[in-house]
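Q:
Number of protein chains: 2
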Amino acid sequence: MTTTQVNQITNRLLDALPFKDREQLLANCEAIELIFGEVLYRANEPVLHVYFPTGGFISLVTSVDSSANLEVGLVGNEGILGVSLMLGVNVAPFYSLVQGAGSALRMTASSFLYELERSPALQLELKHYLYITMRQLAQTAICTRYHLVEARLARWLLMTQDRAHSDRFHVTHVFLAYILGVRRVGITKAANSLLKKKLISYKRGDITILDRAGLEAASCECYRVDKEIYERILA
Amino acid sequence: MTTTQVNQITNRLLDALPFKDREQLLANCEAIELIFGEVLYRANEPVLHVYFPTGGFISLVTSVDSSANLEVGLVGNEGILGVSLMLGVNVAPFYSLVQGAGSALRMTASSFLYELERSPALQLELKHYLYITMRQLAQTAICTRYHLVEARLARWLLMTQDRAHSDRFHVTHVFLAYILGVRRVGITKAANSLLKKKLISYKRGDITILDRAGLEAASCECYRVDKEIYERILA
DNA sequence: AAATGTAAGTGCGTTAACGTACAGACGGCA
DNA sequence: TGCCGTCTGTACGTTAACGCACTTACATTT
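Sequence lines, in order, name chains Z and F. Okay, so the first sequence: first residue is 0 according to numbering that gives the first Met the number 0, each after it adds one. Okay, so the second sequence: first residue is 0 according to numbering that gives the first Met the number 0, each after it adds one.
(1) Can you look up H48/Z in the DSSP assignment and give me helix, strand or coil?
(2) Which of helix, strand or coil does DSSP assign to D20/F?
(3) Along chain Z, which residues have their Cβ under 8 Å away from the Cβ of T132/F?
(4) Report yes or no: is there a C-beta of chain F within less than 7 Å of the C-beta of T2/Z?
(5) Could you tell me the distance, in whole angstroms, from the CA atom of V173/Z to the CA atom of Y40/Z?
(6) Sort out for me which residues DSSP pairs D205/Z with in a bridge.
(7) Report the option in Y229/Z, R223/Z, L12/Z, T53/Z whose CA atom is closest to the CA atom of G164/Z.
(8) Among the candidates Q160/Z, R144/Z, A176/Z, whose CA atom is the shortest distance from the CA of A212/Z?
(9) Residues of the segment 144–163 of chain Z with a CB closer than 9 Å to any CB of chain F: list them in chain order, please.
(10) Locate the beta strand (DSSP E) running through G101/Z, then write down its first and last residues.
(11) So, at 7 Å on beta carbons, what are the nonlocal neighbours of D225/F in its own chain, with the 5 sequence-adjacent residues on each side left out?
(12) Can you give me the Cβ contacts of S200/F inside the same chain, cut-off strictly under 7 Å, excluding the 5 residues immediately before and after it?
(13) So what's V190/F in DSSP terms, helix, strand or just coil?
(14) What are the start and end residues of the beta strand (DSSP E) that includes L84/Z?
(15) According to the Cβ coordinates, are G101/F and L157/F closer than 7 Å?
(16) Go ahead and label A216/F buried or exposed: buried means 16 or more other beta carbons lie within 10 angstroms of its beta carbon, across all protein chains shown.
(17) Shorter than 7 Å from the beta carbon of A217/Z to some beta carbon of chain F?
(18) Just to confirm before moving on: does the CB-CB distance between L96/F and S58/F stay below 7 Å?
(19) Using 7 Å as the threshold, is the C-beta distance between T61/Z and F93/Z below it?
(20) Taking a contact to mean a Cβ-Cβ separation below 7 Å, would you say N43/F touches V90/F in this structure?
(21) Would a check of beta-carbon distances place S118/Z closer than 7 Å to chain F?
(22) In terms of DSSP beta bridges, what is L129/F paired with?
(23) If we count the other Cβ atoms within 10 Å of its Cβ and call it buried at 16 or more, is V82/Z buried or exposed?
(24) How about A120/F and L13/F: do their beta carbons lie closer than 7 Å?
(25) Short of 8 Å in beta carbon distance, which residues of its chain neighbour L24/Z, apart from the five on each side in sequence? Order them along the chain.
(26) Using a C-beta to C-beta distance shorter than 8 Å, which residues of chain F count as neighbours of I79/Z?
(27) Residues bridged to G72/Z by DSSP?
(28) Could you pull the start and end residues of the alpha helix (DSSP H) that A153/F belongs to?
(29) Under a CB-based cut-off of 7 Å, is K226/F close to chain Z?
(30) Who are the neighbours of F111/F on chain Z, taking C-beta pairs under 9 Å?
(31) Pull up the CB-CB distance for L86/Z and Y130/F, whole angstroms please, since I reckon it's below 8 Å.
(32) On the CB-based measure, 16 or more other CB atoms within 10 Å of its CB, does V5/F come out buried or exposed?
(33) So which residues of chain Z does L86/F contact, with C-beta pairs closer than 7 Å?
(34) Whose CA, out of L175/F, A153/F, Y145/F, lies closest to the CA of K197/F?
(35) Please list, in chain order, all residues of the same chain as I232/Z whose beta carbon is under 7 Å from its beta carbon, the five residues on each side excluded.
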């Protein structure tokens with residue numbers, strides 16, 4: 000995914016930590032690049048590292064009936080991937096796929112658990128992040144049930160814009176269909192509708208957000224709800 | 000909800016604790032009766048108590064657009080209600096409604112947090128329970144998206160039978176419609192189909208499971224998946 | 001025995017999304 | 001310049017579920 004990368008992007012969870020805790024944590028992190036399409040975890044397989052995305056972002060996908068898929072979460076520089084380790088389970092809950100190339104800080108599972116033990120501030124923050132994750136899972140469940148594809152697409156584009164830190168990113172209709180759990184043609188139809196309203200433009204996988212406010216109006220309330228919960232809990 | 004109550008039902012999470020931890024915890028619990036239809040939490044409002052159901056059980060419901068609802072969890076004697084307190088948030092994530100009358104053990108939020116501090120065994124167990132909850136939320140999301148009402152109904156009946164500890168319980172089509180997020184008529188149709196297959200019988204809200212194995216076959220794989228995760232993580 | 005309220009069943013047109021197939025458009029590579 | 005793979009658009013019949021209205025069935029109360 001080609002995103003117009005803004006430099007100096009850091010991770011919001013790390014930024015919110017007290018200086019000492021952050022330094023201690025950073026000392027144990029390794030800066031890496033997330034590659035588009037890279038699979039970080041497979042469901043039910045071991046979690047070897049946690050990731051604090053700074054520039055890149057990751058889709059959490061769940062599957063059923065060995066062919067039906069659905070994105071249930073999106074992790075960018077507002078979050079962390081692998082937080083379920085702190086629940087004492089080293090098995091990944093979801094298939095985790097790099098959706099936006101970019102930088103991240105990576106830590107081994109064992110040093111994460113060790114540092115977590117040492118930093119109550121990190122503990123509390125990540126507990127809050129877990130709570131947010133739970134609520135977002137429920138929000139996704141009800142959104143997927145009730146909202147039209149067009150509104151869900153608008154929501155997804157907004158969430159992705161936030162995490163890509165750019166109003167342009169690369170994603171094809173086929174991929175969006177996979178993420179939202181609908182037919183590719185369903186995406187084409189919805190995307191075309193947003194195009195006609197001049198909210199977005201796209202060409203062979205390169206999407207540009209033209210009118211963010213308009214997109215927010217076209218999206219379901221779930222975008223706003225998610226954001227509100229995040230801000231309220233992590234404030 | 001009238002369930003043929005089996006005596007001596009205890010809570011599986013409590014049972015799994017070491018003797019000392021359990022005794023300590025029980026000393027701070029109050030035995031109460033959950034009343035059918037009682038609202039234990041409202042979303043975004045304070046959590047004053049945690050509940051370990053023994054006989055009764057509780058639906059977790061999320062809402063959107065101020066009229067669309069969906070059950071995202073079911074808590075019986077295999078679980079605990081209010082576990083999100085351990086994430087450092089005292090605001091309820093979901094509307095929590097007593098769905099099956101029966102006994103429970105209740106603890107104030109503050110003594111729960113105090114006892115949690117003192118019992119690493121309880122901490123670990125509830126962290127595992129949180130992990131399970133996350134996975135079940137995702138399972139519900141994808142199930143609601145892809146599975147037919149009849150299969151979802153079968154799944155719900157099985158989950159409820161497990162938690163009611165009885166093959167008979169009270170629930171109307173109207174209520175099921177609310178829980179599964181479909182029209183009442185959709186439930187009538189699905190229930191009628193299960194009736195014709197002689198898997199269940201019902202009359203004015205009294206449902207009886209006639210053929211559990213048959214119901215399992217009629218349900219989607221989500222019932223089995225949920226159960227497997229629970230057993231694997233809490234074993 | 002009648003009245004009332006709740007539960008469940010039926011019917012009918014509507015709709016969003018489905019599966020499948022095919023055609024056009026674009027871009028990189030030979 | 002022409003080819004090929006990928007991306008997007010269109011078309012057509014199908015389907016599960018929708019909204020709404022009405023009927024039938026049952027149980028409790030008076």
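Every residue gets a Cβ at the ideal spot worked out from N, C-alpha and C, and that includes glycine.
A: According to the structure shown:
(1) Strand.
(2) Of the three classes helix, strand and coil, the one that applies to D20/F here is helix, per DSSP.
(3) What T132/F touches in chain Z, judged by beta-carbon distance under 8 Å, is M133, going in chain order.
(4) For T2/Z, the predicted structure reports a pLDDT of 42, less than 50, and the residue's modelled location is therefore unreliable. The matter cannot be settled from this model.
(5) When rounded, the distance between both Cα atoms is 22 Å.
(6) Residue pairing by DSSP puts D205/Z in a beta bridge opposite H169/Z, K202/Z.
(7) The sequence given here has His at residue 164/Z, not Gly. Out of Y229/Z, R223/Z, L12/Z, T53/Z, T53/Z has the C-alpha closest to the C-alpha of H164/Z.
(8) The shortest Cα separation from A212/Z among Q160/Z, R144/Z, A176/Z belongs to Q160/Z.
(9) For the segment 144–163 of chain Z, residues whose beta-carbon sits nearer than 9 Å to a beta-carbon of chain F comprise R144, Y145, H146.
(10) Element bounds for G101/Z: 101–107.
(11) Around D225/F: Q135, Q138.
(12) Counting only residues of its own chain and dropping the five nearest sequence neighbours on each side, S200/F has a CB closer than 7 Å to the CB of L194, T207, L209.
(13) The amino acid occupying residue 190/F in the given sequence is Ala; Val does not appear at that position. In this structure, A190/F counts as helix in the three-state DSSP scheme.
(14) It is not in any beta strand (DSSP E) - L84/Z carries neither H nor E in the DSSP assignment.
(15) No, Cβ-Cβ distance for G101/F and L157/F is not below 7 Å.
(16) With fewer than 16 Cβ atoms within 10 Å of its Cβ, A216/F is classed as exposed.
(17) No - not a single Cβ of chain F is within 7 Å of the one on A217/Z.
(18) The answer is yes: Cβ separation under 7 Å.
(19) Yes, these two residues count as a Cβ contact at 7 Å.
(20) A contact, by the Cβ cut-off of 7 Å.
(21) So, not an interface residue.
(22) DSSP output for L129/F lists no bridge partner at all.
(23) Under this definition V82/Z is a buried residue.
(24) Going by C-beta atoms, A120/F is not nearer than 7 Å to L13/F.
(25) For L24/Z, where only same-chain residues beyond five positions count, the Cβ hits under 8 Å are L13, L16, M106, E114, S118, L121.
(26) Under the 8 Å cutoff, chain F gives no residues; its nearest Cβ is about 14 Å from I79/Z.
(27) Residue pairing by DSSP puts G72/Z in a beta bridge opposite L59/Z.
(28) From DSSP, the alpha helix (DSSP H) with A153/F extends over 148–163.
(29) Chain Z, which has no Cβ nearer than 7 Å to the Cβ of K226/F, makes this no.
(30) The premise fails here: F111/F is roughly 15 Å from chain Z at the closest Cβ pair, so nothing lies under 9 Å.
(31) Taking 8 Å as the upper bound for CB-CB distance, L86/Z and Y130/F are in contact here, some 4 Å apart.
(32) Bear in mind that the predicted position of V5/F carries a pLDDT of just 47, short of 50, making it too unreliable to give a figure here.
(33) Close to L86/F, with beta-carbon spacing below 7 Å, are these residues of chain Z in chain order: K126, H127, L129, Y130.
(34) From the listed residues L175/F, A153/F, Y145/F, the smallest Cα separation to K197/F is found for A153/F.
(35) Within its own chain, the residues whose Cβ lies closer than 7 Å to the Cβ of I232/Z, once the five positions on either side in sequence are excluded, are H127, Y130, I131, listed in chain order.
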